[in-house]
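A quick write-up on the structure given underneath.
Protein chains in written order, with our numbering: chain R, 40 to 398; chain S, 40 to 398; chain E, 40 to 398; chain Z, 40 to 398.
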C-alpha cells in the first residue's frame with residue numbers, strides 16, 4: 040500500500056473506518072509556521088458526516104488530536120502527527136457485507152490484491168481515510184498563508200447529475216459556497232440540487248456530479264516538468280480520491296472541439312506583468328503555473344452504496360443478491376468539496392516548497 | 040525538474056530538442072528478460088516525425104543506441120541506458136522565438152520558473168522528450184510479455200475535433216488501428232479525419248481530439264491505494280504528456296449523469312471467475328484492477344504551434360506579434376497514440392512489479 | 040526533516056520527548072502476516088528506561104497502542120500505526136537547558152537549522168524517538184518469521200570503553216546476552232563492565248563502547264547495488280542512531296592492515312553450497328549478501344549528558360557554564376543493543392521485500 | 040538495482056565496464072549555474088587508470104561528452120546527461136573469470152541475486168561505475184561554488200596498510216595532496232607508501248588503507264534528521280563505494296575509549312559565532328552540521344584482484360583454482376581519493392539544496 044503523498048511537504052495517512060482511529064503524519068513541514076488547531080478542526084467539520092440534512096446521518100465527532108510537531112502553536116520542523124479516534128462503530132451492521140462483494144466498491148479488489156480484507160465496512164477504502172488528508176491540508180493552508188499569503192483555493196459543486204451551476208471561476212467566493220448545504224457556487228441552483236438529492240435518496244438511489252476548483256493568485260513558476268507537471272500532480276491527487284472518474288484542466292475535453300487559433304491564449308502585458316487574454320490553458324503551461332487562475336474539474340460517480348437490491352457474488356464464488364443497508368451519502372459532492380480543496384492545497388504547498396531549491 | 044517516473048520499474052529521461060540527444064535510463068528492470076532492440080526501434084518509428092503525410096515533415100532517424108544493461112539480448116538487472124541522437128537541427132529557425140513567447144507554449148513558464156530557457160525550439164518541453172518514454176516502454180512491454188504474457192495495451196484516435204469514431208474497446212485490434220495513418224479504430228472515419236487534418240493544416244491552423252486506450256487481460260490486484268491507485272497513476276502519466284487537458288476512466292464525466300442504480304457494475308460468476316456484468320468502473324475499483332478491461336480517454340488540445348499571426352509579448356515585456364514558422368504537426372494525435380500506449384505500459388509494468396512484494 | 044526509512048517496508052516515525060507521544064506508521068507491510076502485540080511490547084521493554092540498575096531511572100511505561108492495520112492479529116496490508124504516549128514529563132527540569140546549549144548535544148544545531156527548538160529536553164533528537172523504530176522492527180521481525188523463517192539478528196556489547204568482550208559471532212545466543220544487564224555476549228566480562236559503568240556514573244561522567252551485531256542465515260542475493268548496497272544501508276541505519284560515531288563490516292578498519300592474499304575469502308563447495316572459507320567480507324560482497332553471517336560493529340560515543348559542570352554558551356550568544364541535571368544513562372550501550380537489532384531488522388526486511396521484484 | 044543517489048540533487052548512474060559506455064544523468068541541478076566541462080574532465084582524469092606508475096596501466100581516455108542540460112556553459116535546470124565511452128576492452132582476458140567466481144569479488148553474489156552476470160570483467164560492480172559519480176560531483180562542485188562559495192572538500196590517503204600519515208585536517212591543502220602520486224597529505228610518508236605499493240604489486244599481492252576527508256567552511260544547519268542525518272548519508276555514500284569496509288566520523292571508534300568529560304565539545308563564542316573548543320563531534324551534532332570542520336575516515340580493504348593462485352569454485356559448483364590476470368590496481372587508494380571527495384560533494388550539495396525548503 041502506498042499512503043504517502045508529496046515530495047517535500049509529505050503526508051502519510053493511516054487508519055481504517057473501523058479500528059483505533061485514522062490520521063496523518065506530516066513530514067517536511069517548514070519550521071516556525073503558526074498553526075491553529077481550530078482551523079484544522081474547522082476543515083474536519085466541513086467534511087464530517089451529519090453536518091446537514093443531505094449527507095449521511097452517521098455521527099462522528101472527528102475531533103483532531105495533535106500528537107507532535109507543534110510547540111505553543113508553532114511548527115518545530117518535526118513530523119506533525121494528527122489522530123482522530125473512531126467512535127460510532129457498528130460492526131454488526133456489516134455482517135452481510137463481509138460475505139458478499141458490494142458492487143462498484145473495493146471489496147472484491149482488496150481481496151484480489153491482499154488476500155484479506157477489513158471485515159467491517161470499507162476498511163482503508165472508506166472515505167473516512169480522507170480525514171488525514173483534510174487535516175494535513177489544513178496545516179498546509181497555514182504554511183501557504185505564512186510563506187505566500189493571498190493564494191486562494193476554492194472548490195464548489197459545478198453539477199449534480201444534469202443540473203448545472205453557472206459560476207464565474209474568477210469571482211465566486213467562499214461565503215457564497217458555504218452559505219448553502221450543497222456547496223454550489225450558483226445560488227440559483229441550490230434548491231434544485233437539494234431537491235434532486237433528497238428525491239434520489241428517497242428512492243434508495245444515488246447521484247454524482249462534477250466539482251470545479253480554482254487556485255487564484257498562484258505565483259508563476261510552480262510545477263516540476265517532466266513527470267511532476269503541476270496538472271499531472273493535480274490529476275493524480277484528484278483521481279486518488281474515492282468515487283472520482285475524471286479530471287480536466289482549463290478547456291478540458293471541450294477544448295478538443297476548438298482549433299488552435301481559437302484555443303491559444305494570446306499574451307499581453309498588463310500592469311507590467313505577462314498575462315494571457317484568455318485562459319484556456321487553465322493557468323498551467325508546459326506543466327508550470329503561468330500566474331493565471333488555475334481551473335480544473337473533477338467527475339464524481341454516483342455513490343456505489345445504494346439502498347436497493349443488487350446482483351452480486353459471495354466471497355466464496357456464488358451468485359447472490361445484496362440489499363444495501365447502513366448510513367451513507369446519496370450524493371458525496373457536498374462533503375467532497377473540502378476534500379478537493381484539501382488535495383489541491385497539498386499539491387500546491389508541495390510545489391511551492393519544491394521550487395525553493397530552484398532559486 | 041523531475042524526470043523520473045515509476046517506483047520499481049523506474050525511468051529517468053533526459054535531453055532537449057536541440058543538443059547532443061535525448062534518451063532514457065531504465066532502472067529496476069528485472070534480470071533475464073529477452074529484449075529485442077528491433078522492437079524498441081519499431082516503437083520509436085511509430086512516434087517518429089515524417090512517417091506519413093499528415094504529420095510534421097521534420098526528418099529524424101531517431102535511431103536507438105543501447106548503451107548498457109543488455110548482454111546478448113537479455114537484461115542484466117542493471118540500468119538500461121538508451122540514447123537517440125539529435126540530427127535535424129535548424130537553430131536559425133528559432134531566432135524569433137527566442138525573443139517572443141509563443142502563445143500556449145511553455146516558453147514563458149520555463150523562463151518564470153528557471154530564469155533561463157533553451158534558446159532554440161521547445162528545449163526540454165519539446166515532444167521530442169517523449170522518445171525516452173517510448174523507448175523505455177518498449178522494454179517494459181517485453182517485461183510484460185515475459186512475466187505476464189497476454190496483456191494487451193492498445194490506444195486509438197477516438198475523435199478529431201467533432202469527428203467521432205465508433206470503436207468497441209473489447210474488440211478493436213492493432214491491425215485495424217495501424218492500417219490507417221490517423222490511427223483511429225473506426226475504418227469508416229479514416230478519410231473524414233484525414234481530410235479534416237489536411238484542411239486545418241492548409242489554413243495554418245491546428246486541431247485536437249481524444250485518444251482512447253484499453254488494457255485487456257490485466258490481472259486483478261494491481262494498483263497501490265491510497266495515493267498510488269492505478270487510475271491515479273494513469274491520470275498522472277497521461278497529464279504528464281504535452282498538450283493533454285483531461286483524463287477520464289470508465290464512465291468518466293458522462294457517468295455523472297447516471298444514478299447509482301444505473302451506474303453500479305453488478306458482479307456475476309462467469310467460468311469460475313468473479314466478473315462484472317457492465318464495466319462502468321473501467322476495470323478499476325478502489326484503485327485496484329478488477330480483471331475487467333481497463334478503459335480510459337485522454338483529451339489533447341489543438342497543437343499550440345500554428346502558422347498564423349498571433350498576439351504575444353517579448354521576453355523583455357513588450358507587446359508584439361508572432362508569425363509561426365517551422366515544421367510542426369497540425370494534429371498530434373496520430374503520433375500520440377503510441378505515446379499513450381507507452382505511458383500505460385510503464386504504469387502497468389511498474390504496478391505489476393510492485394505487487395510482487397505483496398505476496 | 041526526514042523521518043522515513045525504507046523503500047518497500049517503509050516506516051515513518053513521529054514524536055518528541057515531551058508532547059502527546061511518539062510512534063510510527065509502517066507502510067508497505069505485506070498482508071496476512073500474524074503479528075503479536077506482545078512481541079512488540081517485549082521489544083519496547085528491552086529498550087525502556089528503568090529496566091535495570093545501570094540505566095536511567097526515568098520511569099516510562101512505554102505501552103504500545105496499535106491504531107490501525109491489524110485485524111484479529113493479522114496484517115491487512117494497510118498502514119500499521121503504533122502510538123506510545125509520553126507520561127513521565129518534568130518540563131521544569133529543562134528550564135536551564137532551554138537557555139543554554141548542552142555540549143555535544145543537538146540543541147545548537149537544531150536552532151541553527153530550524154530557527155526554533157523544542158523547549159524542553161531533546162525534543163525530536165531525544166533517544167525516545169527510537170521507540171517508533173523498535174516498534175516497527177518488532178513487526179518486521181514477524182514478517183521475517185513468516186516469509187523467511189530462520190534468520191537470526193543478534194547484537195551485543197562488544198566493548199565498554201577499553202573493556203573488550205570475547206564473543207564468537209557464529210555461536211553467541213540471545214539467552215547469554217539477555218542474561219546480563221549490560222547485554223554483552225561474554226559472561227566473563229559482565230561484572231567488570233557493570234562496575235565500570237557504576238563507577239563512571241558515580242563520578243558524574245559517562246562512557247561509550249562498541250556494539251557488535253550479526254545476521255545469521257541470511258539468504259544470498261539481498262542488497263541493491265549501486266547505491267543501496269546492503270552494507271551501505273546498514274551503515275546509514277546505524278549512523279542514523281543517536282550517539283553513533285562509526286560503522287565497520289567484516290574485517291573493517293583492522294582489515295586495512297592485511298594484504299589481499301591474507302584478506303580474500305576463498306570459495307569452497309560445502310554441502311552443495313557455495314561457501315567462503317573465511318568471512319572477512321562480513322557476509323556481503325559487492326553490496327549483496329553471500330549467505331555467510333553478516334557481521335558489523337557500531338561505535339557509540341560516551342553519553343553527552345554528564346552530571347558535571349561544562350563550558351558552553353547561551354542561546355543569546357554569551358559564554359556561560361552548564362551543570363548537568365536530570366535522569367540519564369551514564370552508558371547507553373545496554374539499551375542500544377535492541378535498537379541496533381531493530382535497525383538491522385528493518386534494513387533486512389526491506390531488502391527481502393525489494394528482492395521480490397527481481398525474480 | 041538502485042542506481043540513484045540524492046533527493047533534490049539526484050544522480051542516476053549507468054553502464055558496465057564492458058559495453059557502450061558508462062555515465063550519469065543528473066536531475067534537480069539548479070538552473071543558471073556556470074559549468075565548465077574542463078572541470079568535469081579534470082576530475083575524471085584524477086580517477087583515471089594509467090595516470091601514474093602505481094596505478095593500473097589500463098588505458099582509458101575517459102572523455103566526457105555532455106549530452107544535455109547545458110547551454111552556452113550554463114545549466115538549464117534540465118537533466119544533465121554525461122556519457123563516457125568504453126574503449127580499451129579486452130573481452131578475451133576475462134574468459135576464465137566467466138567460469139569461476141573470483142574470491143572477494145561480486146561475481147558470486149550477482150549470480151545469486153540476478154541469476155545472470157556480465158560475462159566479462161566486473162560488469163556493473165566494476166570501479167568503472169564510479170565515473171558517473173565523479174562526473175556528477177564535478178557538476179555539484181560548481182553548484183556549491185556558485186551558491187555557497189568557500190566550502191572546501193578535500194580527501195587524502197591517511198594510511199596504507201600500517202604506514203600512517205600525520206595530517207592536520209584543518210590545514211592540509213590540495214596542492215600538497217596532488218603533488219604526490221599516492222595522494223597522501225603527509226610529504227614525509229610519500230616515498231614509504233609508494234615503495235610499499237610497488238613491493239606489494241611485485242609480489243602479485245595487494246594492499247588497502249584509510250582515506251580521510253574534510254569538509255571545511257560548511258555552513259551550520261545541513262542534514263535532515265531523523266534518518267537522513269548528515270553523517271548517516273555520508274556513511275551510506277562511502278559504504279556504497281567498492282572495497283570499503285568502514286566509516287567513522289570525528290572521534291570515531293577511538294572515541295569509545297574516552298569518557299564523556301573528555302569527549303564533549305565545549306561551546307565558546309568566537310568572533311560572534313558559536314564555536315566548539317574541540318571537534319570530537321567531527322562537525323556534526325544530532326545529524327546536523329555545526330559549522331566546524333567535518334572530518335571522517337573510510338576504510339578500504341586490499342584490492343580483491345591479486346596476481347596469485349587462489350582457491351575458488353566454478354559457476355557450476357566445483358572446487359577449482361584461479362590464477363589472477365589482467366591489469367588492476369595493487370592499491371586503490373590513490374585513485375579513490377577523488378572518488379571519496381566526489382561522494383562527499385554529492386551529499387553536501389544535496390543537503391544544501393534540501394535545506395532551501397526549511398527557510
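Cβ coordinates follow ideal geometry from the N, Cα and C atoms, glycine included.
Any C-beta of chain S sitting closer than 8 Å to the C-beta of residue 7 of chain R?
The structure shown has nothing for residue 7 of chain R, since chain R only spans 40 to 398.
With three or more beta-carbon pairs closer than 8 Å as the criterion, would you say the segment 111-121 of chain S touches the segment 153-170 of chain Z?
Counting Cβ pairs under 8 Å, three or more are found: they touch.
Identify the continuous beta strand (DSSP E) that holds residue 335 of chain E and give its terminal residues.
333-339 is the span of the beta strand (DSSP E), which, as asked, contains residue 335 of chain E.
Report all residues from its chain with a CB closer than 7 Å to the CB of residue 87 of chain R; omit the five preceding and five following residues, and keep chain order.
Excluding residues within five positions, the ones whose Cβ falls inside 7 Å are 99 and 101.
I'd like to know whether the C-beta of residue 74 of chain S is nearer than 8 Å to at least one C-beta of chain E.
No, because no Cβ of chain E sits closer than 8 Å to the Cβ of residue 74 of chain S.
In chain R, which residues lie with their C-beta within 9 Å of the C-beta of residue 200 of chain S?
Within 9 Å Cβ-Cβ: 295, 296, 297 and 298.
Check whether the Cβ atoms of residue 69 of chain Z and residue 396 of chain R sit closer than 8 Å, and answer yes or no.
Closer than 8 Å, so yes.
Can you give me the Cβ contacts of residue 302 of chain Z inside the same chain, cut-off strictly under 8 Å, excluding the 5 residues immediately before and after it?
Correct list, in chain order: 290, 294 and 319.
Given this structure, state the Cα-to-Cα distance separating residue 298 of chain R from residue 52 of chain S, to the nearest angstrom.
Near 31 Å, if we compare the C-alpha coordinates of residue 52 of chain S and residue 298 of chain R.
Check residue 136 of chain E in the structure and name its three-state DSSP category.
Here residue 136 of chain E sits in helix by DSSP.
Between the Cα of residue 138 of chain S and the Cα atoms of S/385, S/368, S/363 and S/355, which residue gives the shortest distance?
Comparing Cα positions, the closest option is S/355.
Please go through the same chain and pick out, in chain order, the residues whose beta-carbon is closer than 6 Å to the beta-carbon of residue 67 of chain S, but skip the five residues on each side of it.
Within the same chain, residue 67 of chain S has close Cβ partners 47, 48 and 49.
Which chain Z residues sit within Cβ distance under 7 Å of residue 274 of chain E?
What residue 274 of chain E touches in chain Z: 274, 275, 278 and 286.
For chain E, is any of its Cβ atoms less than 8 Å away from the one on residue 396 of chain S?
At least one chain E Cβ lies under 8 Å of residue 396 of chain S.
Compare the Cα-Cα distances from residue 106 of chain Z to each of Z/64, Z/83 and Z/95 and report the closest residue.
Residue 106 of chain Z has its Cα closest to that of Z/64, out of Z/64, Z/83 and Z/95.
Which residue from Z/211, Z/345 and Z/76 puts its Cα closest to that of residue 111 of chain Z?
The shortest C-alpha separation from residue 111 of chain Z is found at Z/76.
Measure from the C-beta of residue 352 of chain Z to each C-beta in chain E and report whether the shortest distance is under 8 Å.
Cβ-Cβ to chain E under 8 Å: yes for residue 352 of chain Z.
Going by the DSSP bridge assignment, what does residue 358 of chain Z pair with across the sheet?
In DSSP, residue 358 of chain Z forms a bridge with Z/352.
Could you tell me whether any Cβ in chain Z is nearer than 8 Å to the Cβ of residue 69 of chain R?
So yes, residue 69 of chain R belongs to the interface.
Which whole-angstrom value is the C-beta distance of residue 45 of chain E and residue 389 of chain E, which I expect to be below 8 Å?
Rounded, the Cβ-Cβ distance is 4 Å, consistent with contact.
To the nearest angstrom, how far is it from the Cα of residue 274 of chain Z to the Cα of residue 218 of chain E?
Those two C-alpha atoms are separated by around 33 Å.
Checking the sheet assignment: what are the DSSP bridge partners for residue 68 of chain Z?
Answer is none; residue 68 of chain Z lacks a bridge partner.
Just the C-alpha distance for residue 385 of chain S and residue 175 of chain S, rounded to the nearest angstrom, thanks.
One C-alpha to the other measures close to 8 Å.
Kindly indicate the opening and closing residues of the alpha helix (DSSP H) around residue 175 of chain Z.
Residues 169-186.
Less than 6 Å between C-beta atoms, sequence neighbours within five positions excluded: which residues of the same chain meet that for residue 276 of chain E?
382 and 386.
Roughly how many angstroms separate the alpha carbons of residue 190 of chain S and residue 179 of chain S, rounded to a whole number?
Residue 190 of chain S and residue 179 of chain S: Cα-Cα distance of roughly 12 Å.
Quick one: is residue 104 of chain Z near chain S, going by C-beta distance under 8 Å?
Yes, residue 104 of chain Z lies at the interface with chain S (some Cβ there is under 8 Å from its Cβ).
Within the chosen definition, does the segment 80-96 of chain E reach the segment 197-212 of chain E through at least 3 CB pairs nearer than 8 Å?
Too few Cβ pairs lie closer than 8 Å, so no.
Cβ closer than 9 Å: which chain B residues qualify as neighbours of residue 116 of chain R?
Among the protein chains of the structure shown, namely R, S, E and Z, there is no chain B.
Would residue 161 of chain Z and residue 187 of chain Z qualify as a contact pair, given that the criterion is a beta-carbon distance under 8 Å?
No. Outside cutoff.
Among residues of its own chain, excluding the 5 on either side of residue 314 of chain R, which ones have a beta-carbon nearer than 8 Å to its beta-carbon?
Around residue 314 of chain R: 306, 307, 308, 330 and 331.
When burial is assigned at 16 or more other CB atoms within 10 Å of the CB, is residue 284 of chain R buried or exposed?
With 16 or more other Cβ atoms within 10 Å, it is buried.
Using a Cβ-Cβ distance cut-off of 8 Å, determine whether residue 47 of chain S contacts chain E.
So yes, residue 47 of chain S belongs to the interface.
Let me check understanding here. Comparing Cα to Cα, which of S/62, S/181, S/41 and S/166 lies closest to residue 73 of chain S?
It is S/181 whose Cα lies nearest to the Cα of residue 73 of chain S.
I'd like to confirm the pairing. Which residues does DSSP put opposite residue 104 of chain E in its beta bridges?
In the DSSP output, where bridge partners are listed per residue, residue 104 of chain E has E/122.
On the premise that residue 243 of chain S lies in contact with residue 339 of chain S, defined as a C-beta separation below 8 Å, what is that separation, rounded to the nearest angstrom?
With a Cβ gap of about 19 Å, residue 339 of chain S and residue 243 of chain S do not count as contacting.
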